[in-house]
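Position 136 (the sequence shown) corresponds to 138 in the numbering used here; numbering is contiguous.
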Amino acid sequence: MTELQDLSERQQAFLLISALREGEQAPVLLDYVDEGRSEAARAVLDAMLKQNKKARQDDWARALAALGPEGKVNLWSQADAGWIVDSLRGESPLVWAQVFRELPRAKVGRVLAELPKEMRKLVKAMSSHVPVDRVWTLLKRRLESRFPSVPRELWERPGDFEAFHRLSADQFLQLMRELGLSEMAVAFAKVDRTATRAILHRLGVEDAKELRRRIKQGGNYSLEMMREAQMNILSLEVEKLKTEELTLEIGFSVFSRAFGPEHRVLTPIFVYKLSPKHGYVLKRYLDLNIPRNHPEKAQRLRERIAAALERIRPQFS
């Protein structure tokens, strides 16, 4: 079923304004503007009008406010350095210098490290140039158009994903490794030695050693858990993955299965937290799995992931 957040922002704004102003008569307006001429828009508006009348006005007003610039967080200054470099590739040193003035101090060094040596010198030479406010406003608008935004309310309070959102990129990758190892330990808990040896040979030395230890240690896994883990790993075509990618990729797959359709709006937070190399992989699994994730299984997975995070938290420096 299509949700309000699945529509374009223009469609969302049109439906919210129409519902707030016209109430039960809002469907009459749908045929008069492009934003309303779709079955999806009509279905969403019908669902909106079935909400409790006492609560829905406040809910709609909050949703409309979230569509405005003050209600959003653009990810350009939050993204991994690699995304910023990719989005500004080909820009002049002067543009880069202004961007560095606006980036969080902790991120400046990481972005500079991604630039060629000559570009770094030119950017530093331009660092004293301060643009007119109007120029920076236009430049910032162009930059933000290359990155997604998320509702400020969800950025600050992402619900079930709060603990994962607060992790640094390195900590998040540690969690993905833990999920990958855990999934393999479940999948190969009762599998014969030949099959187990095959997966161990596909892993790096440290991951293979840790997986062997976990399989030997055993665990109280249900048949359903083992079957699901096995099917998940089989679906990844592990023979095509590089040794250093395998554990992380399995972890990304597990993480993507913890999202329901209602969580899709949160996905850019995690994709852009990572380098483009890893972010694109995670996005691929999110796009693949979100439409088919079962709500109860997704909830159980979120609990599993939270437990995995607590297991490895002592490793964070």
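By construction, the Cβ of each residue, glycine as well, lies at the ideal position given by its N, Cα and C atoms.
In this text, all values refer to a predicted model and were calculated from it rather than measured experimentally.
- Short of 8 Å from the beta carbon of Leu-205, and not among the five residues preceding or following it, lie these beta carbons of its own chain, in chain order: Leu-213, Thr-245, Leu-248 and Thr-249.
- With 16 or more neighbouring CB atoms inside 10 Å of its own CB, Val-152 falls in the buried class.
- Your pair Gln-59 and Leu-22 checks out as a contact, with CB atoms roughly 7 Å apart and the cut at 8 Å.
- Under the DSSP assignment, Ser-258 falls in the alpha helix (DSSP H) whose first and last residues are 245-258.
- In terms of Cα proximity to Phe-174, the closest of Val-110, Phe-149, Glu-251 and Glu-11 is Glu-251.
- In this structure, Ser-258 lies away from Tyr-282, with their beta-carbon atoms at least 9 Å apart.
- Residue burial annotation: Ser-255 is buried, with at least 16 other C-beta atoms found within 10 angstroms of its C-beta.
- The residues Gln-176, Leu-177 and Glu-180, in chain order, have a CB closer than 8 Å to that of Ile-314 in the same chain once the five nearest residues on each side in sequence are set aside.
- When only Cα atoms are considered, Lys-123 and Ala-108 end up about 19 Å apart.
- The Cβ atoms of Ala-81 and Lys-74 do not sit closer than 9 Å to each other.
- As DSSP reads the structure, Lys-52 sits in no beta bridge.
- If you compare the alpha carbons of Leu-17, Val-35 and Asn-54 with that of Ala-45, the shortest gap goes to Leu-17.
- Inclusion of Ala-300 and Ala-260 in the CB contact set at 9 Å is warranted, their separation being smaller than that value.
- In terms of Cβ geometry, Asn-234 and Glu-305 do not form a close pair [threshold 9 Å].
- Secondary structure note for Val-75: its beta strand (DSSP E) is the uninterrupted segment 74-76.
- Where Val-97 is concerned, there is no enclosing beta strand (DSSP E), although the alpha helix (DSSP H) around it starts and stops at 95-104.
- In the DSSP assignment, Val-113 falls within the unbroken alpha helix (DSSP H) covering 107-116.
- As DSSP reads the structure, Val-152 sits in a beta bridge with Val-75.
- As the crow flies, the alpha-carbon of Val-267 is around 21 Å from that of Arg-143.
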